[in-house]
Structure formats: C-alpha cells, structure tokens
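Below: the structure, in structure tokens.
There are 2 protein chains.
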Amino acid sequence: MAVSYLDELIAALRCLPGVGPKSAQRMAYHLLQRDRRGALGLSVALQRAAENITHCSRCNNFSEQEVCDLCASDRRDEGLLCVVEMPADLLMIEQTQCFRGMYYVLMGRLSPLDGIGAKELHLDRLVKRVQQHPCEVILATNFTVEGDATAHYLATLLQSLGVKVSRIARGLPVGGELEQVDSGTLAQAVLERRELIV
Amino acid sequence: MAVSYLDELIAALRCLPGVGPKSAQRMAYHLLQRDRRGALGLSVALQRAAENITHCSRCNNFSEQEVCDLCASDRRDEGLLCVVEMPADLLMIEQTQCFRGMYYVLMGRLSPLDGIGAKELHLDRLVKRVQQHPCEVILATNFTVEGDATAHYLATLLQSLGVKVSRIARGLPVGGELEQVDSGTLAQAVLERRELIV
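Listed in order, the protein sequences are those of chains U and S.
For the first sequence, our numbering gives the first residue as 477, with consecutive numbering after it.
For the second sequence, our numbering gives the first residue as 477, with consecutive numbering after it.
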C-alpha cells in the first residue's frame with residue numbers, strides 16, 4: 477500500500493514528546509473519527525506558533541514581540557534577576573506571586589553528556605545583560621545534578637564579575653513532616669539550617 | 477496578558493486524547509524549542525488528513541478513495557466478512573496473515589449509556605452490504621461487556637436474515653499456562669471446550 481495521508485499523520489504525531497507508534501495511531505483515529513474540527517484548529521495553531529514565536533531579547537523566554545510583556549512592564553523590580561531553566565519554571569514562580577523582579581530563561585541546563593555547554597546555552601547573553609543592567613542574581617535552576625552544576629557554574633562566572641549571587645533555598649516543604657521527607661532533603665535541611673533571631 | 481499564539485497552541489493540543497494542561501504545555505515547549513520543523517510538518521499532516529480522509533463505502537474503514545485498497549483487491553475472499561470495532565482491530569487481524577476475507581469496521585460498539593445504539597452505528601449499512609453480497613459473517617468485536625453485547629445484537633439481527641454468523645474463539649492464549657491465566661478466561665475455556673477428533 478502507498479503511504480497515505482493517515483500514515484503521514486501518524487508519523488507526524490510522533491514529533492510530540494512521549495508519543496510512540498501506538499499513541500500516535502490512537503490520536504490519529506480519535507481526531508479523524510471524533511474531532512476533525514480540533515485537528516484543523518491544531519493545524520492552524522501549530523503553524524502560527526512555529527512561525528511567529530521567537531525569544532524575548534531580554535529574558536530569552538518565548539515571546540511574539542522583541543521584548544515580552546513581563547520585561548516591558550514598569551511594575552517589576554529591575555534590581556533582581558531570577559535565572560530559571562525553562563519557561564514552565566518561570567510560570568511556577570509567577571504563580572507564587574512572591575517575586576516581582578525580572579527573569580532570565582536559560583532554555584536548558586548545562587549537560588556535558590548531551591553536548592550542552594556554556595556556549596550552547598548562550599550564557600554570554602546572560603553575562604551581557606547583567607553587565608548592562610547590574611542586579612542581584614537569584615539562581616532558581618532545579619535541584620538535580622545538572623541544575624546544581626549549572627547554578628555552580630553560573631555562580632563562579634557571575635561572582636568573578638562582582639555580581640551578588642544567591643540560590644533559592646533547599647529544605648523541607650511547607651507542611652512537611654520529618655518522618656515523610658526523603659533523607660537527602662532532610663540532610664540538606666540540617667546542613668543548611670538558618671539561625672533564628674528572636 | 478492577551479491570549480498569545482503560545483496559549484492558543486497549548487489549548488489546541490488538548491484536543492488530543494489523554495493530553496491534559498501539563499502535557500500540552502510540555503509538548504508546546506518541546507515543539508517550539510527543539511522541533512519547529514516537526515510542528516509545521518504536523519500542521520500540514522493534520523490539515524491534509526482532516527480534509528481528505530473519508531470512509532470506504534464498502535468496509536467503512538478510513539480511506540482516501542471511495543473504495544479502499546483492501547476492498548478493491550481481487551485477491552480477497554468475498555465469501556467471508558469479518559466485523560471489527562475499530563480500524564486498529566482490522567490492522568491487528570491483518571498482521572496475523574491468517575484471514576483473507578473482507579472486513580466491516582463498525583467505528584465503535586453499541587453503548588446505550590453513551591447514547592450509541594444501532595442507529596448511531598449505522599448498522600443498516602452492514603445489513604445492506606450483507607444482503608447485496610451474501611457471505612459468512614465473523615464477529616470479531618472485543619470480549620468486553622459492550623463488545624459482547626454488540627456481537628449478540630448483530631448475531632440476532634443477521635441470523636434473522638438467514639446469514640451464517642460465527643464469533644472468534646475465546647480461551648487461553650497460545651503458550652498460556654493455566655496457573656497464570658485469569659479465572660474468567662479459564663472458565664470460558666472450559667465451557668467452550670472443543671471435541672478432539674484424533
């Protein structure tokens with residue numbers, strides 16, 4: 477049998493992360509049988525997004541404009557710059573409503589095994605930005621091996637330029653009980669204890 | 477913030493089965509960051525498929541032509557008609573290479589709770605087809621409650637028209653051990669035992 481539009485659709489769906497041959501087939505059948513309108517809507521949304529979304533020249537997050545809404549806002553504190561790995565991390569911090577500073581999105585993390593070094597992450601852009609707009613840098617990369625390594629690298633790099641650098645706190649979650657937390661987190665919470673000033 | 481192309485893409489991805497808000501966000505970020513070409517390819521494939529794929533007038537399977545390749549083939553046995561629920565079931569049977577007859581794809585199953593009755597499944601088309609091309613009908617719906625009910629309904633309907641109807645066998649899988657099979661299957665295997673003629 478020749479390659480059909482159905483086969484093409486099933487193959488194309490596999491560009492989505494976590495979608496294997498079986499899921500792709502299920503998705504294609506679902507769209508064709510129950511939601512052709514959704515399929516056409518998704519087609520338009522994919523094209524528009526792929527052709528119009530670029531990166532904000534200040535924070536490196538996805539944006540349709542040269543400078544994104546958040547960076548263009550005059551209600552943010554320019555003296556604080558929070559560095560995160562991914563756009564989803566930025567959204568999580570914004571949801572807490574505890575931070576009113578600026579962001580820089582790395583769009584990844586240092587990962588030598590995957591061939592992602594300082595150059596691939598374009599860390600020179602971050603350095604340039606900090607030099608142009610002096611500020612305190614808060615490192616909010618993940619507490620994974622790679623996220624920690626990225627934070628360590630950035631701290632060394634930025635401190636050598638005289639920038640004040642901090643790292644978000646590690647410890648027990650709010651409402652967390654010692655009995656239920658993993659021992660790695662508990663050990664860090666003990667090591668990184670804070671003096672109580674009453 | 478106004479609704480952006482990114483938000484639109486995340487919303488549109490949710491038309492895929494099993495994709496919630498978190499997965500949709502992850503998929504959108506992945507496509508924008510790592511696979512814009514894949515996104516555009518998927519966009520084209522979705523549009524082509526949604527606009528060009530219809531149902532084969534004989535077997536009711538998805539097809540780009542009025543009559544699909546399988547139904548148009550002259551190497552199939554017109555005297556056997558295998559009724560399955562979904563296109564994926566047809567593919568599974570084709571993969572076994574044990575069946576050289578024709579198919580009829582119901583595109584669903586009787587499911588009164590979901591409002592799917594004989595009319596919604598267009599069973600009149602199946603009846604018309606069997607009346608025009610007399611054949612033995614093999615019911616290969618799933619062995620679920622709904623699949624069994626569908627088979628029972630079809631058997632009653634078709635036998636009243638004088639059609640020979642059979643159901644695919646239920647029992648232990650090939651290589652199956654009694655100790656490991658569930659008791660429902662084992663009970664059916666005992667009830668539906670076949671006489672051995674040596």
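Glycine included, each C-beta is placed from N, C-alpha and C at the ideal position.
Keep in mind the model is a prediction, meaning the values are calculated, not measured.
Separation of U:C491 and S:L507 (C-alpha to C-alpha, rounded to the nearest whole angstrom) is 8 Å. At least one CB atom of chain U sits nearer than 9 Å to the CB of S:Q501.
With respect to the C-alpha of S:G647, the residue from S:R669, S:R534, S:F538, S:A594 having the closest C-alpha is S:R669. Residues of chain S whose Cβ lies closer than 7 Å to the Cβ of U:I529 are, in chain order, Y481, L482, L508. If you ignore the 5 residues before and after S:I644, its C-beta comes within less than 6 Å of the C-beta of A616, all in its own chain and listed in chain order. Shown in chain order are the members of the segment 556-579 of chain S whose Cβ falls below 9 Å from a Cβ of chain U: M562, P563, A564, L567.
Among the CB atoms of chain U, one or more fall inside 9 Å of the CB of S:A526. Sorting S:D553, S:V581, S:I486 by C-alpha distance to the C-alpha of S:S533 places S:V581 at the top.
Sorting S:R502, S:A488, S:F538 by C-alpha distance to the C-alpha of U:Y481 places S:F538 at the top.
Contact annotation for S:G514 against chain U: C491 [CB-CB distance below 7 Å, chain order].
Pairing S:M578 with S:E554 gives a Cβ-Cβ distance under 9 Å.
A residue is called buried when at least 16 other Cβ atoms come within 10 angstroms of its Cβ; S:R585 meets this threshold and is buried.
Beta bridge pairing from DSSP links S:M503 with no other residue. At a Cβ-Cβ threshold of 9 Å, U:A500 and U:A487 count as neighbours.
When DSSP states are grouped into helix, strand and coil, U:M568 belongs to the helix group.
By the 16-neighbour rule on beta-carbons within 10 angstroms, S:E561 is buried.
Judged by DSSP in its simplified three-state form, U:D545 adopts helix. As summarised for the segment 571-652 of chain U, the continuous beta strand (DSSP E) elements at least 3 residues long and confined to that stretch are 577-581, 612-615, 641-643, given in chain order.
Nearest in C-alpha terms to U:G591, of all of U:L630, U:E622, U:P493, is U:E622. Rounded to the nearest whole angstrom, the CA to CA distance from S:C558 to S:F619 is 15 Å. S:L557 has S:M578, S:V613 as its beta-bridge partners, per DSSP. Within 8 Å of the CB of U:D511, the CB atoms of chain S belong to C491, in sequence order along the chain.
For S:S519, the C-beta contacts it makes with chain U under 7 Å involve S519, L522, Q523, in order along the chain. By the neighbour-count criterion, in which a residue is buried when 16 or more other Cβ atoms sit within 10 angstroms of its Cβ, U:L637 is exposed.
The C-alpha of S:H609 lies about 10 Å from the C-alpha of S:V603.
S:A504 is positioned such that its CB atom lies no closer than 9 Å to that of S:L516. When secondary structure is reduced to three states using DSSP, U:S480 falls in the coil class, being assigned neither helix nor strand. Within chain U, the residues whose beta carbon sits less than 8 Å from that of S:A488 are G514, G517, L518, V520, A521, L522, listed in sequence order. Close CB contacts of U:V641 within its chain, under the 6 Å cut and outside five residues either way in sequence, are with V613, A631, L634, Q635 (chain order).
With respect to S:G494, U:R502 sits close: the two C-beta atoms are nearer than 9 Å. Boundaries of the alpha helix (DSSP H) around S:G660: 659-667. Shown here for S:L597: same chain residues with a beta carbon closer than 7 Å to its own, the five before and five after excluded, namely L582, G584, L586 in chain order. Going by DSSP, S:V495 is part of no alpha helix (DSSP H) at all; its letter is neither H nor E.
For U:S519, the secondary structure class from DSSP, reduced to helix, strand or coil, is helix. When C-alpha distances from U:P497 are compared across S:L589, S:A564, S:S519, S:R524, the shortest belongs to S:A564.
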